[in-house]
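J.:
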Amino acid sequence: MKYLLSTFSLFLMLGLALPPAHGQQVMRISGATTVQPAVELIAEQFTQQTGQRFSIQGGGSLAGAHDAMEGDSHLGMVSRSLSPFEKERLEYVTLGMDALVFIVNERNPLNEINLETVTALFTGEIGNWNELTGWDREVVLVSKEMGRSTLELFEEYSGVHHPDNPEPGPNGRVSGRAYEIASNLDGITLVGGVPGAVGYMSLGTTNYLRAKGMPVKILTLNGLTADQESILEGRYPITRELNLVYLKENQELVSDFIEYCLGPNGQEIVHELQYLPVK
Amino acid sequence: MRRVYKDIKLYFLAGLLPAAILLLGACTDDRAVEERERITDQQLALLVDFERKVTLVQQAIKSGILTRDSDYLIVAANISLDAYDLLDQIEEIFPESEELTSSYQDYFSKLVTIITLFYENRLERGRASLMELEESHTFIQGKLRAITQTATGDGCVPCFGD
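In order, the protein sequence lines correspond to chains F and E. Residue numbers for the first sequence follow our numbering, so the first one is 1064 and each next one is one higher. Residue numbers for the second sequence follow our numbering, so the first one is -9 and each next one is one higher.
1) Tell me whether the region 1284 to 1297 of chain F and the region 1155 to 1165 of chain F touch, counting them as touching only if at least three CB pairs, one residue from each stretch, are closer than 8 Å.
2) Mapping the DSSP letters down to three states, classify F:V1202 as helix, strand or coil.
3) CA-CA distance, E:T103 and F:D1199?
4) Taking Cβ-Cβ distances shorter than 9 Å, what residues in chain F pair up with E:F40?
5) Going along chain F, which residues have a C-beta under 7 Å from E:A67?
6) Of all the CB atoms in chain E, is at least one closer than 8 Å to the CB of F:Y1323?
7) Give me the subset of the region 1184 to 1199 of chain F whose CB atoms are less than 7 Å from a CB atom of chain E, sorted by chain position.
8) Cβ of E:I64 less than 8 Å from any chain F Cβ?
9) Step through the CB atoms of chain F and report whether any lies within less than 8 Å of the CB of E:F98.
10) For the region 1107 to 1121 of chain F, list every residue whose C-beta sits within 8 Å of some C-beta in chain E, in sequence order.
11) Scan the region 1217 to 1242 of chain F for residues whose Cβ lies nearer than 9 Å to a Cβ of chain E and list them as they occur along the chain.
12) What does E:I105 touch in chain F if you count any residue whose Cβ is under 8 Å from its own?
13) Have a look at the DSSP bridge pairing and note the partners of F:L1163.
14) Mind listing the chain E neighbours of F:V1203? Cutoff is C-beta to C-beta under 9 Å, in chain order.
15) What does F:M1090 pair with, by DSSP beta-bridge criteria?
16) For the alpha helix (DSSP H) holding F:Y1338, just list the boundary residues, first then last.
17) Using the rule of at least 16 other Cβ atoms within 10 Å of the residue's Cβ for burial, across every protein chain shown, is F:D1135 buried or exposed?
Right under this line is the structure:
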């Protein structure tokens, strides 16, 4: 009997010690794979502290904004500034800042790139690295699929559009020989595993994987390094916001998590993943 | 008597010389055959090593998908670079390996594309990509068999997916 009582007390104590479940609903989050790693890590910490459960998946910024608008997700991840239409319909917070960088395999002797070279490479005009460096290796292009904000940023900067973009780019279209990938993770792994590859990726994700040993290098763009200083001062030409978006009617469900994202723990994770925290 | 002895010596020497030449020739032939076989073994080892890398890179990516641990993707990228080093050597030695690099590149890109398809639950496209990947892998294995057959004359090396 004494044993039973002790066991009961233990269960009771454990029950009291466990944080209360933050509602019964699983919080659904979807969208940009650039924002996803940060949100996943923050959510993991938040679950430990509150018991709130999450379902998180990628799909791209367009899917993130769409899912949030349609109520398919409670929170959408969008790795770019919102359009006026999206701003009208959705509430949003900015978690951090990121930049788009051009990367090559670490074996490539090239160290810098400019707009003219970007255009010549991605339209397929330059087919071998020996045209730029003396290194005889075929150029392998790595580009993004439609619906990805990284692609939109690239198109805006380079004037080279995706082959399926209804509008032709002022500087042409991405070569049909380019490998098309979905997320930064795919893209960086592909560039890391193919000596002649070149791609455009998220600065944060690239730095994170490089620090762990991914064999890629970031090229300076027009002589500028994508560092905190050049990004915050607006000198680096391709930067973007990392946003979380939601419908006003979901505010109550998501507000504590958003507060946590913007708090010291959340911002520490944003910083650890090599993005620029907003606070 | 002395003359007879001298004749015998001459006959003996005359017989010994061609024998020595024959023996030397045989040794030289043996050494050349050994040399050829040794080089062929090294060449075949390159092909076997390459096939091993192809399998290892696939294993690393699959582990990355299952565990969602990016460390495996870094391992995969580094193995892939090793595979390219082997391909560079293979292309120099085997003229018939022309398409191997582009086939491997397609294979690696398909493999990498699968990561996000599964992360994002795009299973239909993921399954289609897996089938394409399998075809790609089979093509590489077939190509390696063909190169081996040409190099050995009979394709007797039991490897490549057996």
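Even glycine gets a Cβ: it sits at the ideal position worked out from N, Cα and C. The structure presented is a predicted model; accordingly, all values stated were derived computationally and were not measured.
T.: Taking the definition as stated:
1) yes
2) coil
3) 27 Å
4) Here the premise fails: no neighbours, minimum Cβ distance about 14 Å.
5) T1252, G1255, G1256, M1277 and P1278
6) no
7) none
8) yes
9) yes
10) Q1120 and G1121
11) Y1242
12) S1246, L1248, D1249 and T1252
13) F:S1265
14) Q95 and S99
15) F:F1117
16) F:Y1338 -> no alpha helix (DSSP H), and no H or E assigned at all.
17) exposed
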